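Engineer: For the sequence shown, this note's numbering assigns the number 1061 to the initial residue and increments by one for each residue that follows. Backbone N, C-alpha and C define an ideal beta-carbon position, used for all residues, glycine too. Since the structure is predicted, the reported quantities are computational estimates derived from the model, not experimental observations.
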Amino acid sequence: MPWRRLLLAAILACVLLSAACSRKTEKFPPLQGEITELAGEFLSLLRAGDYTEAVTYFDATMKKELPAGKLQEAWEAVQHQAGPYRQEVAQRTEELGRYRVVIITARFALAQLDIRLTFNSDNRIAGLYFLPAENPVTAEYQPPSYGLPAKYSEQDVTVGKGEWALPGTLTVPDGEGPFPAVILVHGSGPQDRDETIGPNKPFKDLALGLANRGIAVLRYDKRTKVHGAKIASLSAFTVREESIEDALAAFSLLQAESKIRDDKIFLLGHSLGGTLAPRIGAENNNLAGLIILAGAVRPLEELILEQSRYLAEADGTVNEAEAAQLELLEQSIKHIRDPKLAPDTPPAQLLNIPASYWLDLRGYNPAATAMNLQLPLLILQGERDYQVTMEDFALWQEYLAGSGNVTFKSYAGLNHLFQAGEGNSLPAEYEEAKNIDAAVIHDIADWIRAH
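#1: Skipping 5 residues on each side, what residues in its chain have a beta carbon closer than 8 Å to that of Ala1480?
#2: What does Lys1282 pair with, by DSSP beta-bridge criteria?
#3: Where are the alpha helix (DSSP H) runs, 4 residues long or more, that stay fully inside the segment 1358-1385, in chain order?
#4: For Gln1405 and Gly1274, what's the separation of their Cα atoms in angstroms?
#5: Is Ala1356 closer than 8 Å to His1330 when the C-beta atoms are compared?
#6: Does the Cβ of Met1122 have 16 or more other Cβ atoms within 10 Å, making it buried, or fewer, making it exposed?
#7: Excluding five sequence neighbours on each side, which residues of the same chain lie with their C-beta closer than 6 Å to the C-beta of Ile1257?
#8: Hey, would you say Arg1160 sits closer than 8 Å to Phe1179, going by beta carbons?
#9: Beta carbon of Arg1167, beta carbon of Gln1147: below 8 Å?
#10: For Gln1172, report the span of its beta strand (DSSP E) as first-last.
#11: As a quick exercise: from Val1286, Leu1486 and Pro1227, pick the residue whose alpha carbon is nearest that of Ile1249.
#12: Which one or two residues does DSSP pair with Val1466 in a beta bridge?
#13: Mapping DSSP to helix, strand and coil, what is Gly1473?
#14: Run the CB neighbour count on Lys1130, radius 10 Å, all protein chains shown included, and call it buried at 16 or more, exposed below.
#15: Which of helix, strand or coil does DSSP assign to Val1299?
#16: Alpha carbon to alpha carbon, how far is Val1466 from Ile1351?
#17: Thinking C-beta only, is Leu1226 closer than 8 Å to Thr1218?
#18: Tell me whether Gln1215 sits in a helix, a strand or coil according to DSSP, three-state version.
#19: Quick check on Cys1081: buried or exposed, where buried means 16 or more other Cβ atoms within 10 Å of its Cβ?
#20: Keeping to the same chain, check which residues put their C-beta closer than 6 Å to that of Ala1241; ignore five residues upstream and five downstream.
#21: For Arg1083, which of helix, strand or coil comes out of DSSP?
#22: Would you report the Cα separation of Leu1419 and Glu1343, rounded to the nearest angstrom?
#23: Could you have a look at Ala1427 and say whether DSSP puts it in helix, strand or coil?
#24: Counting along the chain, where does the alpha helix (DSSP H) carrying Gln1315 start and finish?
#25: Please report how far the alpha carbon of Thr1284 lies from the alpha carbon of Ile1291, in whole angstroms.
#26: Determine the DSSP secondary structure at Phe1478, reduced to helix, strand or coil.
#27: Check whether the Cβ atoms of Asn1260 and Tyr1212 sit closer than 8 Å, and answer yes or no.
#28: In terms of residues, what are the limits of the alpha helix (DSSP H) holding Arg1107?
#29: Under a three-way DSSP split, which group does Pro1250 fall into?
#30: Going by the beta-carbon positions, is the gap between Val1162 and Gln1172 smaller than 8 Å?
#31: Give me whichever residues DSSP pairs with Arg1160 in a beta bridge.
#32: Compute the distance between the beta-carbons of Asp1306 and Arg1279, then report whether it is under 8 Å.
#33: Looking at the strands, I want to know which residues DSSP matches up with His1330.
#34: Let me know the secondary structure DSSP gives Tyr1189 once reduced to three states.
#35: Determine the DSSP secondary structure at Ala1210, reduced to helix, strand or coil.
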């Protein structure tokens, strides 16, 4: 979800000092060794908290302008914004006039940063930057073991018609069919058909895993990804244009496919897609059932604030910059919740999302809507998910208690992408190549076969 990056939107270059623009000062003797080795030693001293020794790597100007105490403040400020340092993931060098620059790409808990160290001709540090990584290092997608050996084929399809047509992929099991099928509906943001985040492709995992179990899967690029510029020009925009219309078009496409059972077409929504699943089901009673993965019940703006607070507090403290950003966020949410919110309220006051979007969601309660559906429901939740939490899962259970057509299951150790992990879940976790847990694939397949 895009709002998890709100507090990281301005990880700034917190230090930039260069002898090139400073007045003349005393000259320190050259340092011995390769600049890449010196850069590594300097970073090790920062991590160890030995700021007094670290400044001995500076030239005279840097040492005067950034003494040990200020260097400590700078390093702590970086970790307040990006979270605790984790590891170095890449290193490269550049020439900058008479200077040489070592760029260390480092993974912190909440982001990857480039630590840029500018060395003068004496191998001393004459400049220091901390910047968002120019080329973040991510692992490559690894196909899940449950997708092998491949017992399916894939074909390109087009979801919808006319100006909003979307490219997609239909994954069909080997054999004559007809097969039950699942439509995948994305979370928020301009998602591709695989719901790619870093090296992870949860929708591809679902497609391969379910197809290997005899279930066809339709996934497609989201409208906000394919037609983003056109959508930005609209005077009004809601979740109907974002997701619902295309999910309904996907159903029509599957109905026309000869290898698909038209009475066994299910809809699976993840995150925002899960939140909207009951609304889609209310518009199409020909669906065979709904599968909700990490769907929120609480209002979207409440989740945005909760997630932002969680990330700000991830390192145990909230600094002044984070507190100020949270205050701005709270002001925007007050505007969103204002009973007098009007269609012409500027998006700048509403997290840069049109008022029409918030007004459309205002009267929607997904769990209450689900209560009135006759469709079978499967509601799944990862217990380590910080984006949509067990509080939402409990609300689904509360609203739908006593319903005979609902199956609930939560998974210890799984995050928002239904991937296994330990400890508190953080955005940096999504940079690790993992797959949806096999138990989730099995449970979905078993439930579909039972319905």
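Structural biologist: If we stick to the structure as given:
#1: So the list reads Gly1473, Leu1474, Lys1494 and Asp1497, once near-sequence residues are dropped.
#2: When DSSP reads this structure, Lys1282 sits in no beta bridge, so it has no partner.
#3: Fully enclosed alpha helix (DSSP H) runs of 4 or longer: 1360-1372.
#4: A small correction: the amino acid at residue 1405 is Thr; Gln does not occupy that position in the sequence shown. When the Cα atoms are used, Thr1405 and Gly1274 turn out to be separated by approximately 49 Å.
#5: In this structure, Ala1356 does not lie closer than 8 Å to His1330 by Cβ.
#6: The residue in question, Met1122, is buried, as its Cβ has 16 or more Cβ neighbours within 10 Å.
#7: Closer than 6 Å at the Cβ level, and outside the excluded window around Ile1257, lie Tyr1490.
#8: Yes, these two residues count as a Cβ contact at 8 Å.
#9: For Arg1167 and Gln1147, yes; Cβs fall inside 8 Å.
#10: For Gln1172, the enclosing beta strand (DSSP E) has its first and last residue at Gln1172 to Phe1179.
#11: It should be noted that the sequence gives Gly, not Ile, for residue 1249. Minimum Cα-Cα distance from Gly1249 among the listed residues Val1286, Leu1486 and Pro1227 corresponds to Val1286.
#12: Bridge partners of Val1466: Leu1437.
#13: The three-state secondary structure of Gly1473, taken from DSSP, is coil.
#14: It counts as exposed.
#15: Three-state DSSP puts Val1299 in a helix.
#16: Answer to the nearest angstrom: the Cα atoms are 10 Å apart.
#17: Yes. Within cutoff.
#18: In the structure shown, Gln1215 sits in a strand (DSSP, three-state: E or B).
#19: Residue placement at Cys1081 cannot be trusted, given a pLDDT of 38 that sits under 50; what the coordinates show is reported in the next sentence. Classification of Cys1081: exposed, given that the 10 Å Cβ count is below 16.
#20: Taken in chain order, the residues that qualify are Ala1276, Leu1314, Ile1320 and Ile1325.
#21: Unreliable positioning characterises Arg1083 in this predicted model, as indicated by a pLDDT of 43, which lies under 50. A coordinate reading is not provided.
#22: Roughly 19 Å between the two C-alpha positions.
#23: In the three-state DSSP reduction, Ala1427 falls in the helix class (H, G or I).
#24: Where Gln1315 is concerned, the enclosing alpha helix (DSSP H) starts and stops at Glu1305 to Gln1315.
#25: The C-alpha of Ile1291 is placed about 7 Å away from the C-alpha of Thr1284.
#26: Looking at Phe1478 - three-state DSSP - the assignment turns out to be coil, as it is neither helix nor strand.
#27: Taking a C-beta distance under 8 Å as the contact criterion, Asn1260 and Tyr1212 do not qualify as a contact pair.
#28: Ile1095 to Ala1108 is the extent of the alpha helix (DSSP H) around Arg1107.
#29: Reduced to three states, the DSSP call for Pro1250 is coil.
#30: No.
#31: According to DSSP, which records beta bridges pairwise, Arg1160 is partnered with Glu1155 and Phe1179.
#32: No, these two residues do not count as a Cβ contact at 8 Å.
#33: According to DSSP, residue pairing for His1330 in a beta bridge involves Leu1353.
#34: In the structure shown, Tyr1189 sits in a strand (DSSP, three-state: E or B).
#35: Here DSSP, grouped into helix, strand and coil, assigns Ala1210 to coil.
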